[in-house]
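J.: The structure is given below, and queries will be raised subsequently.
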Amino acid sequence: MRFISLIVIICLAMTITAQEDTPNSTYRGDEARTGVYDATPIRETPTVLWEVESSRPSRTTPVVADELAYFGNEAGTYTAVDTATGQIVWQIDFEESVVSTGAIQDDLLVLGSLDNTIYGLDASTGDEIWQFATEGQVYSSPVFGDDALYIGSRDDNLYALNPADGSLIWQFDSGGQIWSSPAYVDGRVFFGNRRGDIFALDAETGDELWRLSTGNTSPVDASPSIRDGVVYIGVGDGRFFALDAETGIEIWSTDLDDGRIYASASVTEDTVFVFGLNGTLHALDIVDGSILWTMSLGEPAYSSPTVVDDVVYALSEEDGLMFGIDATTGDTLWQFQTGEQGDWRSGHPVVVDDVLYITSNTRGLLALSQP
38 MRFISLIVII CLAMTITAQE DTPNSTYRGD EARTGVYDAT PIRETPTVLW EVESSRPSRT
98 TPVVADELAY FGNEAGTYTA VDTATGQIVW QIDFEESVVS TGAIQDDLLV LGSLDNTIYG
158 LDASTGDEIW QFATEGQVYS SPVFGDDALY IGSRDDNLYA LNPADGSLIW QFDSGGQIWS
218 SPAYVDGRVF FGNRRGDIFA LDAETGDELW RLSTGNTSPV DASPSIRDGV VYIGVGDGRF
278 FALDAETGIE IWSTDLDDGR IYASASVTED TVFVFGLNGT LHALDIVDGS ILWTMSLGEP
338 AYSSPTVVDD VVYALSEEDG LMFGIDATTG DTLWQFQTGE QGDWRSGHPV VVDDVLYITS
398 NTRGLLALSQ P
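Written out as structure tokens, the structure is:
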């Protein structure tokens, strides 16, 4: 128990489309991990509504549901904040750091910790409902499917758990550590591992449907983004893939020549936005992967971009600056100082009810709005 103190491709037989059951209350905004949020975009330098201090840097992405915003930090503290006032509603302290972003469904908050454990908490109170032990640290963020939740561990396994009590439904040994956060779409689970493999599994049975091996020196740390039957994902040697979600067959790939890709992509109807670790943001044509524009935000870049309408929000470690960028041209609309960062700033901007939430290594959680 813890102390109370996250091309439209039409397939031959079927098309895999995004689930939209719990928008905003999961990593990357939806179960398909598209990184696209339905809100009014901020086109001018935002103002601070409130901010909540954190004792240590935060690598989690905020998750927002039922007028509460949640985030964790490297001290192992996980905090729920009232979105209207910025007041702390509850806090829970774990034995190790929390870098996993929570997912919420039916007042159940699920997240992982570096203490090798996956937790199910009451989202309203922070009370522990259940826990599930793995054999490795949990960097991965969970996703809810129709009848289970899915999350990876550094013990090489992807787990399917019963949300009611955290009991094991099945586990799949991927042969490599899993930092990637799985996506769930139409009865399938997609993820990558650090051995360089990208997988699609049957969500009900855990059976492997296909895998793409990109090479043992190319870890897949990013999470897949699924849109209109296509899986979009970058790998550790700088290649970015568009794969048929049914078969795993490559539709196109683009070499970003950036060394490693850590961040996940944001995918709109016509454009894919993805960071290289060197801090260069790329806009790719969704049909063929050609580069439409690039913008250097300073290196390194672990955080994933976020898209709201025609504005991309993106930030890098350098100077702790977050940018508002015109999605069509790549022009900078504004920039905002979120605090000095340091390494491993991996949380991305989240926009709910026209409020932008972002975690900071020195300022905790910030809520921003249009001036």
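Heads up, the sequence shown stops at 408 in my numbering, and the numbers go up one at a time, no gaps.
Here a beta-carbon is modelled for each residue, glycine too, at the ideal position from N, C-alpha and C.
Quick one: residues in its chain with C-beta nearer than 7 Å to the C-beta of T369, no 5 flanking neighbours on either side, listed in chain order?
T.: Along the sequence shown, read from residue 1 onward, the residue named residue 369 stands at position 332. Here the set comprises F360 and I362.
J.: Look up D391 in the DSSP assignment and say whether it is helix, strand or coil.
T.: In the sequence shown, residue 391 corresponds to position 354, counting from 1. Three-state DSSP puts D391 in coil, outside helix and strand.
J.: Have a look at T138, I125 and P83 and flag the residue whose alpha-carbon is nearest the alpha-carbon of R65.
T.: For the purposes of this step, residue 65 is taken as the residue at position 28 of the sequence shown. It is T138.
J.: Using a 10 Å radius around the Cβ and a threshold of 16 neighbouring Cβ atoms, would you call G163 buried or exposed?
T.: Here residue 163 refers to the residue found at position 126 when the sequence shown is read from its first residue. So G163 counts as buried.
J.: With respect to the beta strand (DSSP E) encompassing N230, which residues constitute its N-terminal and C-terminal limits?
T.: Translated into the one-based positions of the sequence shown, residue 230 becomes position 193. Looking at the DSSP string, N230 is not in any beta strand (DSSP E), and its letter there is neither H nor E.
J.: Confirm, please, whether the CB-CB distance from S260 to S204 is below 8 Å.
T.: Numbered from its first residue, the sequence shown carries residue 204 at position 167. Numbered from its first residue, the sequence shown carries residue 260 at position 223. Cβ distance not < 8 Å, so S204 and S260 don't count as in contact.
J.: On the premise that I129 lies in contact with L158, defined as a C-beta separation below 8 Å, what is that separation, rounded to the nearest angstrom?
T.: For the purposes of this step, residue 158 is taken as residue 121 along the sequence shown, with counting starting at 1. For the purposes of this step, residue 129 is taken as residue 92 along the sequence shown, with counting starting at 1. About 7 Å separates the two Cβ atoms, so the contact holds.
J.: Helix, strand or coil, according to DSSP, for G109 in the structure here?
T.: The residue you call residue 109 lines up with position 72 of the sequence shown. G109: strand per DSSP, three-state reduction.
J.: Where do the ends of the beta strand (DSSP E) carrying T98 lie?
T.: Start at 1 with the first residue of the sequence shown, and residue 98 comes out as number 61. It is not in any beta strand (DSSP E) - T98 carries neither H nor E in the DSSP assignment.
J.: Suppose the cutoff is 8 Å on Cβ atoms and the five residues either side in sequence are ignored; what does the same chain contact list for T59 look like?
T.: Residue mapping note: residue 59 aligns to position 22 of the sequence shown, counting from 1. Legend: pLDDT at T59 = 40, less than 50; position of this residue unreliable, value from coordinates given subsequently. Result list for T59: D67, E68, A102, A140, I141, Q142 and F181, in chain order.
J.: Identify the residues that DSSP records as bridge partners of D281: which are they?
T.: On the sequence shown, residue 281 is found 244 positions in, with the first residue counted as 1. Answer by DSSP bridge pairing, in chain order: V267.
J.: Would you tell me roughly how many angstroms separate the C-alpha atoms of T317 and Y187, rounded to the nearest one?
T.: Translated into the one-based positions of the sequence shown, residue 317 becomes position 280. Translated into the one-based positions of the sequence shown, residue 187 becomes position 150. Whole-angstrom Cα-Cα distance: 31 Å.
J.: Measuring only the C-alpha atoms, how far is P99 from Y299?
T.: Working through the sequence shown from its first residue, we reach residue 99 at position 62. Working through the sequence shown from its first residue, we reach residue 299 at position 262. Taking the straight line from one Cα to the other gives about 18 Å.
J.: Taking Cβ to Cβ, would you say A351 is nearer than 8 Å to L334?
T.: Stepping through the sequence shown from its first residue, residue 351 is reached at position 314. Stepping through the sequence shown from its first residue, residue 334 is reached at position 297. Taking 8 Å as the Cβ cut-off, A351 and L334 qualify as a contacting pair.
J.: Along the beta strand (DSSP E) that carries D194, what are the first and last residues, could you check?
T.: Here residue 194 corresponds to residue number 157 of the sequence shown, with the count starting at 1. The question names Asp, but residue 194 is Asn in the sequence shown. Looking at the DSSP string, the run of the beta strand (DSSP E) that includes N194 is N194 to L198.
J.: For G357, which of helix, strand or coil comes out of DSSP?
T.: Numbered from its first residue, the sequence shown carries residue 357 at position 320. G357 falls in the helix class under three-state DSSP.
J.: Tell me whether R225 sits in a helix, a strand or coil according to DSSP, three-state version.
T.: Your numbering for residue 225 matches position 188 in the sequence shown. In this structure, R225 counts as strand in the three-state DSSP scheme.
J.: Would you tell me roughly how many angstroms separate the C-alpha atoms of V389 and N398, rounded to the nearest one?
T.: Within the sequence shown, residue 389 is the residue found at index 352, counting from 1. Within the sequence shown, residue 398 is the residue found at index 361, counting from 1. Straight-line Cα distance between these residues: approximately 21 Å.
J.: Between which two residues does the beta strand (DSSP E) harbouring Y156 extend?
T.: For the purposes of this step, residue 156 is identified with residue 119 of the sequence shown, where counting begins at 1. Segment T154 to D159, the beta strand (DSSP E) holding Y156.
J.: 8 Å is my cut-off, CB to CB: does F312 come that close to chain D?
T.: Considering every chain present, this structure includes no chain D. It has just one protein chain.
J.: Do you know whose CA, among T116, P78, D294 and Y176, lies nearest G273's CA?
T.: If you number the sequence shown from 1, residue 273 lands on position 236. Here the closest residue by C-alpha is D294.
J.: Would you kindly work out how many angstroms separate the C-alpha atoms of R400 and L321, rounded to a whole number?
T.: Residue 400 sits at position 363 when you count from the first residue of the sequence shown. Residue 321 sits at position 284 when you count from the first residue of the sequence shown. Going from the Cα of R400 to the Cα of L321 covers about 33 Å.
J.: How would you call G252, buried or exposed, if buried means at least 16 neighbouring beta carbons within 10 angstroms?
T.: For the purposes of this step, residue 252 is identified with residue 215 of the sequence shown, where counting begins at 1. Looking at its Cβ environment, which holds fewer than 16 other Cβ atoms inside 10 Å, G252 is exposed.
J.: To the nearest angstrom, how far is it from the Cα of W289 to the Cα of D325?
T.: As a first step, residue 289 must be located in the sequence shown, where it is residue number 252. As a first step, residue 325 must be located in the sequence shown, where it is residue number 288. About 6 Å.
J.: Please list the terminal residues of the continuous beta strand (DSSP E) segment that includes S406.
T.: Counted from its first residue, the sequence shown places residue 406 at position 369. Note, S406: beta strand (DSSP E), G401 to S406.
J.: Can you tell me the Cα-Cα spacing of V136 and S340, whole angstroms?
T.: The sequence position of residue 136 within the sequence shown is 99, counting from 1. The sequence position of residue 340 within the sequence shown is 303, counting from 1. When rounded, the distance between both Cα atoms is 12 Å.
J.: What are the partner residues of F236, as DSSP defines its beta bridges?
T.: Residue 236 sits at position 199 when you count from the first residue of the sequence shown. Looking at the DSSP assignment, F236 forms a beta bridge with F228 and R248.
J.: Go ahead and pull the three-state DSSP assignment for R447.
T.: Since the first residue shown for the chain is 38 and the last is 408, residue 447 is missing from the structure and cannot be characterised.
J.: Would you kindly work out how many angstroms separate the C-alpha atoms of D183 and V348, rounded to a whole number?
T.: Stepping through the sequence shown from its first residue, residue 183 is reached at position 146. Stepping through the sequence shown from its first residue, residue 348 is reached at position 311. Rounded to the nearest angstrom, the two C-alpha atoms are 32 Å apart.
J.: Please state the DSSP three-state secondary structure of Y115.
T.: To locate residue 115, count along the sequence shown from 1; it is residue 78. In the structure shown, Y115 sits in a strand (DSSP, three-state: E or B).
J.: Can you tell me which of the three DSSP states Y64 falls into?
T.: As a working note, residue 64 is residue 27 in the sequence shown. The answer is helix: DSSP assigns Y64 an H, G or I state.
J.: Just how far apart, CA to CA, sit D281 and Q168?
T.: On the sequence shown, position 244 is the one that residue 281 refers to. On the sequence shown, position 131 is the one that residue 168 refers to. Each residue's alpha carbon lies about 35 Å from the other.
J.: Near L358, which residues of its chain fall below 8 Å by C-beta distance, leaving aside the five closest residues on each side in sequence?
T.: Residue numbering aside, residue 358 sits at position 321 when the sequence shown is read from its first letter. These residues qualify, in order along the chain: L334, G335, L352, Q372, F373, Q374 and T375.
J.: Once the 5 residues before and after P386 are set aside, which same chain residues still bring their CB inside 6 Å of it?
T.: Reading the sequence shown from its first residue, position 349 is the one you call residue 386. Excluding positions up to five away in sequence, the list reads T343, Y350, L393 and I395.
J.: Taking the continuous beta strand (DSSP E) assigned at Q372, which residues delimit it?
T.: Here residue 372 refers to the residue found at position 335 when the sequence shown is read from its first residue. Element bounds for Q372: T369 to Q374.
J.: Along the chain, where does the beta strand (DSSP E) containing T291 start, and where does it finish?
T.: Counted from its first residue, the sequence shown places residue 291 at position 254. Here the beta strand (DSSP E) through T291 covers E287 to D292.
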